[in-house]
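To start, the structure under review is shown below, and the notes come after it.
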Amino acid sequence: MDYRQVNIGIIGLGTVGTGVARILLEQKELLKTRTSLDLNLKTIVELDWSKDRDLDLSQVKCITDADTLLEDPEINIVVETIGGYEPAFSFISKALRNRKHVVTANKALIATKGMELYKIARENDVDLLFEASVGGGIPIIKGLREGLVANRFKSIYGILNGTTNYILTKMHQNSLEFADALKGAQEKGFAEADPTLDISGGDAAHKLAILSTIASNSFIPFDKIYVEGITGITKLDINFAQSFGMTIKLLAIYKRYEEGLDLRVHPTLINDSHLLAAVSNELNAIFVKGDFVGNTMFYGPGAGERPTASAIVSDIVDLSKDFMVQNGKKYSNRAISLTQNVQLIPIEDIKSRFYLRFMTMDKPGVLSKISGVLAENNISISSMVQLESHEKDNYVPIVLLTHEALEKSVEQALQKIVKFDFVKKDYLRLRIFE
Ligand SMILES: NC(=O)c1ccc[n+]([C@@H]2O[C@H](COP(=O)([O-])OP(=O)(O)OC[C@H]3O[C@@H](n4cnc5c(N)ncnc54)[C@H](OP(=O)(O)O)[C@@H]3O)[C@@H](O)[C@H]2O)c1
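So for the sequence shown, our numbering puts the first residue at 150; every next one is plus one.
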């Protein structure tokens, strides 16, 4: 059988790039059978060729200069797996302008410069796909764009960052403080040496920006998303959450209301009976509610060489199908066409139930003063726990769970409560997922 050849170039042979090369070389025959295409890994651009990657690259052109790849007229698809903003942005723009399809896993770039890149792709009648940028190996982008295309999305929420989920899981399972769980995650390779982007919630916000853009047909830059990380969570909070039958997870949330979109990333208490509470370690899970399909759940490995490469190759195959018709003339353009502008609802106007933890001096009247301030701000308490003093400085934790309250009322109350001389400044406020 005569298989149509599609020539592929990879820029960046790191974790993900190596996985893509491995699939294209090792699964070549399987992919041929399934797609009737000869996916030919023609060129790889990498700066450091000294590392042993356990790959047979004897049939591949291995170079260090990206322009040679980007200007090669035989290359049909460029895979960008170097990460970061530059030179990734310049490489992708140049590839699109040279009418090559591009596949990337670069969530930071898509969440910030996506609008510009989609425009360049559309102008040049080529596509830019990024399945691997959210949820690693989970086909969530294809799920939203294809499987669930008939739906308006009422809500999308889930665990989008494996590093923070691993840390929180270990804090729950082994009763660890945050710093110890982070150290363990770094030793096991689940957290980077510099984990800032993960633990600050920034990485999950990049991914939420991408999903929200697809779901709303409106470009959502990630810096418009309200973000809180997990660094303020202590072993004490984990123990309290467990005593209430709840688990703390870093959730990314998209909710669509008449007034606009509610988008946020923050640590959240989830009832143990919810499926998300059981999503452990580095795994990711995303719940999607569409107006026709109802509730769906996507679950699986959110990162790593093999899952991420699996998602990239699915994009490659998707694009390669274009070459099965009319000598490479495209029949579709998947680069997002953004049609609406949506209103984002400010965090102050969101309502939730809250978990409030204060460290207060162990003396009479403390609780009535705190609950008085909450009442003044229309916040009612649903449960309360106060532990006995076990610290030398005579401070004790008080935890309050509230009924649904407005975010700005809670903020006003907190500002007043921390001014009491019997309350330590480092309180914790978490939202409870309903
Ligand atoms: N790792 C994951 O599990 C995962 C999951 C989902 C998405 N992603 C995304 O995938 C992308 C790649 O991540 P990664 O973990 O594979 O990173 P990585 O291991 O650091 O790989 C990047 C590779 O690109 C090379 N490189 C850098 N600049 C280059 C240039 N100008 N020309 C050619 N090669 C260059 C690097 O070489 P040197 O090492 O010599 O600098 C390195 O080998 C990122 O956008 C990341 O966010 C990763």
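Note that CB positions come from ideal geometry on N, CA and C, so glycine has one too.
Terminal residues of the alpha helix (DSSP H) in which residue i lies
| i | result |
| --- | --- |
| residue 399 | Element bounds for residue 399: not the alpha helix (DSSP H) but the beta strand (DSSP E), 395 to 406. |
| residue 521 | 515 to 525 |
| residue 217 | 215 to 219 |
| residue 240 | 237 to 246 |
| residue 332 | 327 to 336 |
| residue 202 | First-last for residue 202: undefined, no H or E at that position. |
| residue 546 | Not the alpha helix (DSSP H): residue 546 falls in the beta strand (DSSP E), residues 544 to 551. |
| residue 564 | 556 to 566 |
| residue 94 | Residue 94 is absent from the structure shown; the chain starts at 150 and stops at 583. |
| residue 256 | 256 to 272 |
Cut-off 7 Å between Cβ atoms - residues of its own chain near residue i, not counting five sequence neighbours on either side
| i | result |
| --- | --- |
| residue 318 | 429, 430 |
| residue 270 | 245, 276, 277, 484 |
| residue 510 | 543, 544, 571 |
| residue 231 | 160, 161, 237 |
| residue 152 | 181, 185, 186, 187 |
| residue 328 | none |
| residue 421 | 394, 395, 396 |
Nonlocal neighbours in the same chain, by C-beta distance under 6 Å from residue i, ignoring five residues either side
| i | result |
| --- | --- |
| residue 180 | 188 |
| residue 579 | 416, 418, 504 |
| residue 257 | 355 |
| residue 193 | 159, 162, 209, 211 |
| residue 279 | 253, 259 |
| residue 535 | 547 |
| residue 155 | 186, 188, 225, 469, 472 |
| residue 242 | 269 |
| residue 215 | 160, 194, 240 |
| residue 500 | 553, 555 |
| residue 462 | 172 |
| residue 460 | 280, 281, 286 |
Run of the beta strand (DSSP E) containing residue i, from where it starts to where it stops
| i | result |
| --- | --- |
| residue 448 | 443 to 450 |
| residue 453 | Segment: none, residue 453 is in no beta strand (DSSP E) and carries neither H nor E. |
| residue 436 | 432 to 439 |
| residue 229 | 226 to 229 |
| residue 412 | 409 to 420 |
| residue 499 | First-last for residue 499: undefined, no H or E at that position. |
| residue 253 | 250 to 253 |
| residue 535 | 530 to 535 |
| residue 470 | Taken as a continuous stretch (DSSP letters only), residue 470 belongs to no beta strand (DSSP E), as it is neither H nor E. |
| residue 581 | 577 to 581 |
| residue 212 | 210 to 212 |
Own chain residues within Cβ distance below 8 Å of residue i, not counting five before or after
| i | result |
| --- | --- |
| residue 558 | 526, 527, 528 |
| residue 574 | 567 |
| residue 497 | 555, 556, 557, 560 |
| residue 576 | 505, 506, 507, 508, 563, 566, 567 |
| residue 457 | 164, 165, 168, 254, 281, 285, 286 |
| residue 191 | 156, 157, 158, 209, 210, 221, 223, 224 |
| residue 303 | 404, 405, 438, 439, 440 |
8 Å Cβ cutoff, residue i in contact with chain D
| i | result |
| --- | --- |
| residue 232 | Given the protein chain composition of this structure (a single chain), no chain D is represented. |
Does the count of Cβ pairs from the region 522 to 530 and the region 542 to 562 closer than 8 Å reach three?
yes
The region 510 to 521 / the region 388 to 395 touching (three or more Cβ pairs under 8 Å):
no
Between the region 231 to 247 and the region 168 to 177, are three or more C-beta pairs nearer than 8 Å?
no
Inter-stretch contact (C-beta, 8 Å, three-pair minimum) for the region 458 to 469 and the region 322 to 331
no
Report the residue ranges of all alpha helix (DSSP H) runs contained in full by the region 282 to 362; include only those spanning at least 4 residues, in chain order.
311 to 323, 327 to 336, 345 to 348
I'd like to know if the region 359 to 371 and the region 399 to 415 are in contact, where contact means that at least 3 CB-CB pairs between them fall below 8 Å.
yes
Ignoring anything shorter than 3 residues or poking outside the region 160 to 203, list the beta strand (DSSP E) runs there in chain order.
186 to 194
Can at least three beta-carbon pairs, one atom from the region 450 to 463 and one from the region 272 to 289, be found at a separation below 8 Å?
yes
Does the region 299 to 310 come into contact with the region 431 to 443, if we say contact requires no fewer than three beta-carbon pairs (one atom in each stretch) closer than 8 Å?
yes
Determine, using beta-carbon pairs with one atom in the region 333 to 342 and one in the region 367 to 384, whether at least three such pairs fall under 8 Å.
no
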